[in-house]
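Peer 1: Input: one structure, supplied below.
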Amino acid sequence: MGTAILGTGAYLPERVVSNHDLARIVDTNDEWIRTRTGINTRRIGGQGDETYLLAARAAAQALLMANISAAEIDLIVVATISSHMLMPSCACFVQKELGASRAFAFDINAACSGFVYALDLADKYILADPSKKILVIGAEALSSRTNWEDRNTCILFGDGAGAVVLGHVDGDRGVIGARLFSDGNLWSLLHMHTAPSCNPALLQSASPGAHIVMEGREVFKYAVKAMREAILVLLEQEQVGLEAVKLVIPHQANIRILNNLVERLGIGAEKVFINVQKYGNTSAASIPIALDEANRASMIQPGDIVLLCSFGGGFTWGAALIRW
């Protein structure tokens with residue numbers, strides 16, 4: 019008995035922005051971006067692509083696959099750092115869009131690790147009350163929180179959303195376990211200020227604006243080590259060998275981090291799902307988008323063990339194991 023994924027869904031904005039497009043607005047070029055990040059294109063939202071609408075469209079796809087109506091959902095959790103408003107939450111707007119009248123809803127902020135955090139949270143709710151059906155969504159409109167004059171960050175990020183429907187099932191399907199971590203001491207290496215304070219006494223004079231700020235080289239050092247250790251701790255905790263894992267779906271940060279992680283884990287590249295080349299880094303949305311893509315491509319079969327892992331601002335990081 020466990021918490022199983024009953025359906026997956028994803029939504030990407032229609033607008034495709036290539037490296038050549040970015041070269042027209044900042045001092046960069048296609049080769050420089052591809053060799054350093056592995057990214058060829060990313061999706062950027064247009065009018066009508068607010069974060070909650072991306073989230074609702076992804077959720078609708080997941081509900082359709084699960085053959086569950088929005089009215090049956092008890093809880094909606096949205097992981098995001100780019101909601102179009104601070105209040106109400108993105109999840110409340112999703113509830114309105116879907117017509118999920120019986121659900122309560124809230125957001126969580128764990129940056130790129132948000133989906134893994136939310137998945138673990140939902141698992142605990144369902145273990146406490148197996149009757150619950152829960153929507154977990156990772157959704158970002160990072161184009162609204164990107165400094166388009168900073169070539170070191172604007173080349174990385176994209177917009178999109180991914181969602182899963184979770185529910186209790188009999189048998190050995192479901193979430194096997196998760197391990198989550200954070201270290202607030204390292205916040206300055208990857209962060210995003212909010213809008214200026216209306217209280218002069220609380221005004222952050224050093225704030226560069228409400229956009230992502232990152233020390234890329236320093237983040238790289240921590241990211242690979244942290245994800246590897248989270249994976250190994252989780253595998254030991256659950257007594258699962260790495261060879262038993264059918265597919266690894268990591269946060270799609272950049273190709274150098276992914277390749278380095280694969281090398282340090284000592285696994286074949288064919289066991290790791292990568293789509294960063296198409297969508298860039300979509301923060302909390304990256305894992306559920308990749309999970310949906312792998313699921314719809316029949317890369318995951320019943321009984322397969324899937325490993326999710328992520329690292330993000332905060333710092334936050336973690337890993338989760340799921341038996342499909």
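So the sequence shown is numbered by my numbering: it starts at 19 and just counts up by one.
Idealized CB from N, CA, C, for every residue including glycine.
Keep in mind the model is a prediction, meaning the values are calculated, not measured.
Where do the N-terminal and C-terminal ends of the beta strand (DSSP E) with S200 fall, by residue?
Peer 2: On the sequence shown, residue 200 is found 182 positions in, with the first residue counted as 1. That run of the beta strand (DSSP E) goes 192 to 200.
Peer 1: Suppose contacts are defined by Cβ-Cβ distances below 7 Å. Is A213 in contact with A228 by that definition?
Peer 2: Translated into the one-based positions of the sequence shown, residue 213 becomes position 195. Translated into the one-based positions of the sequence shown, residue 228 becomes position 210. In contact: A213 and A228 (Cβ atoms closer than 7 Å).
Peer 1: Might you give, ordered along the chain, the residues of its own chain that have their beta carbon closer than 7 Å to the beta carbon of G202, omitting 5 neighbours on each side?
Peer 2: In the sequence shown, residue 202 corresponds to position 184, counting from 1. Only G332 meet the Cβ criterion.
Peer 1: Go ahead and pull the three-state DSSP assignment for R60.
Peer 2: Your numbering for residue 60 matches position 42 in the sequence shown. R60 falls in the strand class under three-state DSSP.
Peer 1: Could you check which residue in L283, L250, R61, I292 has the C-alpha nearest to that of I267?
Peer 2: In the sequence shown, counting from the first residue as 1, residue 267 sits at position 249. Residue I292 is the option with its Cα nearest to I267.
Peer 1: Given A140, which residues of its chain have a CB within under 8 Å of its CB, disregarding the five upstream and five downstream residues?
Peer 2: Here residue 140 refers to the residue found at position 122 when the sequence shown is read from its first residue. T21, L93, V95, I152, V154, L184, listed in sequence order.
Peer 1: Below 6 Å, is the gap between the Cβ of G286 and the nearest heavy atom of the ligand MN?
Peer 2: For the structure depicted, the ligand MN is absent and the ligand set is empty, with no information on it obtainable.
Peer 1: Under the DSSP definition of a beta bridge, which residues are partnered with E32?
Peer 2: On the sequence shown, position 14 is the one that residue 32 refers to. Per DSSP, none; premise fails for E32.
Peer 1: Cutting at 8 Å between CB atoms, please list the residues of its own chain near Y240, excluding the five before and the five after it.
Peer 2: What you label residue 240 is simply residue 222 of the sequence shown in a count that begins at 1. So the qualifying residues of the chain are L204, L207, F329, F333.
Peer 1: M210 by DSSP, collapsed to three states: which one?
Peer 2: Reading the sequence shown from its first residue, position 192 is the one you call residue 210. Here M210 sits in strand by DSSP.
Peer 1: Does DSSP put H186 in a helix, in a strand, or in coil?
Peer 2: Against the sequence shown, residue 186 aligns to sequence position 168. DSSP places H186 in strand when its eight states are reduced to three.
Peer 1: Okay, do the region 24 to 31 and the region 180 to 194 touch, 3+ Cβ pairs below 8 Å being the bar?
Peer 2: Contact holds: three or more Cβ-Cβ distances are below 8 Å.
Peer 1: Taking C-beta to C-beta, are L252 and V134 nearer than 7 Å?
Peer 2: Numbered from 1 along the sequence shown, position 234 holds the residue referred to as residue 252. Numbered from 1 along the sequence shown, position 116 holds the residue referred to as residue 134. Contact: no.
Peer 1: Exposed or buried, what is D67 when buried is set at 16 or more other beta-carbons lying within 10 Å of its beta-carbon?
Peer 2: Here the question's residue 67 lines up with position 49 in the sequence shown. So D67 counts as buried.
Peer 1: Sorted by chain position, which residues of the same chain lie with C-beta nearer than 6 Å to R75's C-beta, five sequence neighbours on each side aside?
Peer 2: Locating residue 75 in the sequence shown gives position 57, counting from the first residue. Cβ within range, chain order: Y29.
Peer 1: Sorted by chain position, which residues of the same chain lie with C-beta nearer than 8 Å to G64's C-beta, five sequence neighbours on each side aside?
Peer 2: Start at 1 with the first residue of the sequence shown, and residue 64 comes out as number 46. Here the set comprises P31, E32, R33.
Peer 1: How should Q257 be labelled, buried or exposed, when 16 other C-beta atoms within 10 angstroms of its C-beta is the threshold for buried?
Peer 2: Here residue 257 is taken as the residue at index 239 of the sequence shown, counted from 1. Its Cβ having fewer than 16 others within 10 Å, Q257 is exposed.
Peer 1: Could you say if the region 43 to 50 and the region 161 to 172 meet the contact criterion of at least three C-beta pairs nearer than 8 Å?
Peer 2: Taking 8 Å as the limit for Cβ pairs, the verdict is that the region 161 to 172 does touch the region 43 to 50.
Peer 1: Go ahead and pull the three-state DSSP assignment for P268.
Peer 2: Residue numbering aside, residue 268 sits at position 250 when the sequence shown is read from its first letter. It is a strand residue.
Peer 1: Note down the Cα distance separating A271 from D138, rounded to an integer number of angstroms.
Peer 2: In the sequence shown, the residue the question calls residue 271 occupies position 253. In the sequence shown, the residue the question calls residue 138 occupies position 120. About 21 Å.
Peer 1: For S304, collect the residues of the same chain with a Cβ closer than 6 Å to its Cβ; drop the 5 residues on either side in sequence, then sort them by chain order.
Peer 2: On the sequence shown, position 286 is the one that residue 304 refers to. H269, Q270, listed in sequence order.
Peer 1: Let me make sure I understand the geometry here. Which of L40, H38, D39, R52 has the alpha-carbon closest to that of Q295?
Peer 2: Within the sequence shown, the letter at position 277 stands for residue 295. Looking at the Cα atoms, R52 is the closest of the given residues.
Peer 1: Taking only the alpha-carbon atoms, compute the straight-line gap between A337 and F124 and give it to the nearest angstrom.
Peer 2: For the purposes of this step, residue 337 is identified with residue 319 of the sequence shown, where counting begins at 1. For the purposes of this step, residue 124 is identified with residue 106 of the sequence shown, where counting begins at 1. C-alpha separation (whole angstroms): 22 Å.
Peer 1: Quick one, are the C-beta atoms of S100 and S162 less than 7 Å apart?
Peer 2: As a working mapping, residue 100 is identified with position 82 in the sequence shown. As a working mapping, residue 162 is identified with position 144 in the sequence shown. Cβ atoms of S100 and S162: closer than 7 Å.
Peer 1: Using 10 angstroms around the beta-carbon of M105, count the other beta-carbons present and answer buried if the total reaches 16, otherwise exposed.
Peer 2: Reading the sequence shown from its first residue, position 87 is the one you call residue 105. By the 10 Å Cβ count, M105 comes out exposed.
Peer 1: Can the beta-carbon of C108 be found closer than 7 Å to that of T55?
Peer 2: On the sequence shown, residue 108 is found 90 positions in, with the first residue counted as 1. On the sequence shown, residue 55 is found 37 positions in, with the first residue counted as 1. Going by C-beta atoms, C108 is not nearer than 7 Å to T55.
Peer 1: Count the other CB atoms, across all protein chains shown, that sit within 10 Å of the CB of M83; report buried if there are 16 or more and exposed otherwise.
Peer 2: The count along the sequence shown starts at 1 and reaches residue 83 at position 65. M83 is buried by the Cβ-count criterion.
Peer 1: In chain order, what residues of the same chain lie with their CB nearer than 7 Å to the CB of P148, ignoring the 5 residues before and after it?
Peer 2: The sequence position of residue 148 within the sequence shown is 130, counting from 1. If we look at P148 and ignore the five residues flanking it on each side, its Cβ neighbours are H186.
Peer 1: Anyone know if the C-beta pair for G189 and T300 falls short of 7 Å?
Peer 2: Reading the sequence shown from its first residue, position 171 is the one you call residue 189. Reading the sequence shown from its first residue, position 282 is the one you call residue 300. Not a contact, by the Cβ cut-off of 7 Å.
Peer 1: Can you list, in chain order, the residues of its chain whose CB lies under 8 Å from that of R246, leaving out five sequence neighbours each side?
Peer 2: Indexing the sequence shown from 1 puts residue 246 at position 228. Taken in chain order, the residues that qualify are L279, R282, L283.
Peer 1: What is the DSSP secondary structure of T53, reduced to helix, strand or coil?
Peer 2: Position 35 of the sequence shown, counting from 1, holds the residue named residue 53. T53: helix per DSSP, three-state reduction.
Peer 1: If you run the structure through DSSP and keep just helix, strand and coil, what is T300?
Peer 2: For the purposes of this step, residue 300 is taken as residue 282 along the sequence shown, with counting starting at 1. In the structure shown, T300 sits in coil (DSSP, three-state: anything other than H, G, I, E or B).
Peer 1: Can you name, in chain order, every residue of its own chain whose Cβ lies under 7 Å from the Cβ of Q255, other than the five neighbours on each side?
Peer 2: Translated into positions along the sequence shown, residue 255 becomes position 237. Closer than 7 Å at the Cβ level, and outside the excluded window around Q255, lie G195, R197.
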